[in-house]
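So the numbering used here is basically just the index in the sequence shown, starting at one, shifted up by 1. What follows is a single structure, written as structure tokens, with notes after it.
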Amino acid sequence: MAIIRFKAMKNLKQKDLEKKEEDLRLELAKEKGKIHIGSVPENTGRLKQIKKTLARILTLKNQNKPKTGKKKKGVTK
């Protein structure tokens, strides 16, 4: 799976982001599985790329999430 840039992710719909996240999580699990059984991964830098892309997707999803928190009035300690 190709790693996409953050600017390109902004244009994706929510369903597409969720699909991308699911695919990346599956790919990350496969790569980690290869490492745990003792084989050498094909591309060692790929794990870092997958993790960074997952973090970007989660960041974008949280930014798009509507804010529903209530503001407290009054003085806090």
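Glycine included, each C-beta is placed from N, C-alpha and C at the ideal position. Note that the coordinates shown come from a computational prediction; the quantities given were computed from them, not determined experimentally.
Using a Cβ distance threshold of 8 Å, determine whether the stretch 30-45 contacts the stretch 56-74, with at least three qualifying pairs required.
no
Are residue 25 and residue 5 touching if we call contact CB-CB under 7 Å?
no
Return the CA-CA distance between residue 35 and residue 7, expressed in angstroms with no decimal places.
28 Å
Please name the residue in 77, 71, 28 and 65 whose C-alpha comes closest to that of residue 16.
65
At the level of alpha carbons, what is the spacing between residue 63 and residue 28?
22 Å
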